[in-house]
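Notes follow the structure.
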Amino acid sequence: MVHPLITQDHIDQYQRDGVVLIRGLFANQVELLRAGVAENMAAPGPYASNNDKAGQSGRFFDDYCNWTRIPQFREAIETSPVAEVAADLMGSGRVQMFHDHVLVKEPGTSMATPWHQDGPYYFVEGAQTVSFWSPLDVVSEATLRCVAGSHRWDKEVLPTRWVSEQDFFADTGQYMPVPDPEAEGMPIVEYPMQPGDAVAFNFKTLHGARGNTRTTRRRAFSLRLVGDDARYVERPGPTSPPFPGHDMVPGQRLRDDWFPVLLQR
50 MVHPLITQDH
60 IDQYQRDGVV
70 LIRGLFANQV
80 ELLRAGVAEN
90 MAAPGPYASN
100 NDKAGQSGRF
110 FDDYCNWTRI
120 PQFREAIETS
130 PVAEVAADLM
140 GSGRVQMFHD
150 HVLVKEPGTS
160 MATPWHQDGP
170 YYFVEGAQTV
180 SFWSPLDVVS
190 EATLRCVAGS
200 HRWDKEVLPT
210 RWVSEQDFFA
220 DTGQYMPVPD
230 PEAEGMPIVE
240 YPMQPGDAVA
250 FNFKTLHGAR
260 GNTRTTRRRA
270 FSLRLVGDDA
280 RYVERPGPTS
290 PPFPGHDMVP
300 GQRLRDDWFP
310 VLLQR
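The number in my numbering is simply the position in the sequence shown, starting from 1, with 49 added.
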């Protein structure tokens, strides 16, 4: 039996396209998450950024790895059905925490979230991965955009720094340049969403988002989880998040004292 929020069609679409919409995943945690975002913005962590880019208007705040110090984030993770839904989508008996990410685009923020895959930034590899991107405000134009099927590409996309647009690390030949999905006619999936809805997507799914041209803010909470086959992998350079001092070796499961197991079936 799958969780009542989803059907076998959701699972099939996730496996086929690398992206699917889950209505109401965090519906009961919206106020909790809004309070957590406010606390996060009032006291940013060491990885926070306002993504200040020359010629761009507005403020695009993002920060990650704060769930252990912001109690509202922890409570939202623990009280929502996110781990059960993740297990169903990934086809995994085990669901393990990786990290959280907050992304806030204030009214009139022109900067887009560049097209990218999350996986190449991370030190984890596996087919059983899932990110949940959940808006805390009504979104249409500034919603998440994903390229269906991109999680099955032969090559991953070279990660870049969002503001400077420089490569995150040297290309060793294993990565492809960042494509232009609109110019190349790729199948872009995007959804108008209500607060608490969530887009689920694979770590290797190419995605991005437009700027926020509205007069209201666009707050989003993202959660990254991994499954049975996820293992630590070394990249050609630094990873984001870096998790300094983790002491893991290639092929090892993520250490569960740092990355707790949320569900074990």
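C-beta atoms are modelled at their ideal positions from N, C-alpha and C, and glycine is treated no differently. Here the structure is a predicted model, which means the values were calculated and not measured.
Please classify Pro169: is it buried, with 16 or more other beta-carbons within 10 angstroms of its beta-carbon, or exposed? By the neighbour-count rule (16 or more Cβ atoms within 10 Å), Pro169 is buried.
Use the C-beta contact count for Gly260: other C-beta atoms within 10 angstroms, 16 or more gives buried, fewer gives exposed. Burial of Gly260 is indicated by the presence of at least 16 other C-beta atoms within 10 angstroms of its C-beta.
What residue does the alpha helix (DSSP H) around Glu133 start on, and which one ends it? It spans Val131 to Met139 - the alpha helix (DSSP H) in which Glu133 sits, taken as one unbroken run.
Going by CA-CA distance only, name the one from Trp307, Arg273 and Gly286 that's closest to Tyr113. For the residues Trp307, Arg273 and Gly286, the minimum Cα distance to Tyr113 belongs to Arg273.
Cβ-Cβ distance between Leu303 and Gln145 below 8 Å: Contact: yes.
For Val275, the three-state DSSP class (helix, strand or coil): Strand, per DSSP.
Tyr63 - containing alpha helix (DSSP H), residue span: Gln57 to Asp66
Counting Cβ pairs closer than 8 Å, one from the stretch 239-252 and one from the stretch 172-188, do we hit at least three? yes
Take Arg72 and list the residues in its own chain whose beta-carbon comes closer than 6 Å to its own, dropping the five residues that flank it on each side. The answer, listed in chain order, is Asp246.
I'd like to check one pair, Lys253 with Gln223: are the Cβ atoms closer than 8 Å? no
First and last residue of the uninterrupted alpha helix (DSSP H) at Gly85: Its alpha helix (DSSP H) spans residues Val79 to Ala91.
Is it true that the stretch 121-134 meets the stretch 289-303, where meeting means three or more beta-carbon pairs spaced less than 8 Å apart? no
Rounded to whole angstroms, what is the Cα-Cα separation between Ala279 and Pro309? Near 14 Å, if we compare the C-alpha coordinates of Pro309 and Ala279.
Throw me the rounded Cβ distance for the Gln121 and Asp277 pair, which I believe falls under 8 Å. The pair is not a contact, with the Cβ atoms about 29 Å apart (cut-off 8 Å).
Delimiting residues of the beta strand (DSSP E) encompassing Ala258: Residues His256 to Ala258.
According to DSSP, what are the bridge partners of Val69? Ala249
Identify every residue that forms a DSSP beta bridge with Asn115. Its beta-bridge partners do not exist; DSSP assigns none.
How is Thr128 classed by DSSP in three states: helix, strand or coil? helix
Less than 8 Å between the CB atoms is what I'm expecting for Pro184 and Ala269, so what's the real figure, rounded? 5 Å
Cβ shell of Glu233 (< 8 Å), same chain only, five flanking positions each side left out: none
Quick check on the DSSP output: the beta strand (DSSP E) that includes Met235 runs from which residue to which? Segment: none, Met235 is in no beta strand (DSSP E) and carries neither H nor E.
Minimum C-alpha distance to Arg314 - residue among Gly175, Pro228 and Met139: Met139
His148, DSSP secondary structure in three states: His148 falls in the strand class under three-state DSSP.
Give the single residue among Pro287, Cys195, Ala197 and Thr192 whose Cα lies nearest to the Cα of Arg210. Comparing Cα-Cα distances from Arg210 to each of Pro287, Cys195, Ala197 and Thr192, the minimum goes to Pro287.
If Ile126 sits next to Glu88, beta carbons under 8 Å apart, how far is it from one beta carbon to the other, in whole angstroms? Taking the Cβ atoms as the reference, Ile126 lies roughly 15 Å from Glu88, outside the contact range of under 8 Å.
Euclidean distance between Cα positions of Arg108 and Thr162: Note on geometry: alpha-carbon atoms of Arg108 and Thr162 lie some 12 Å from one another.
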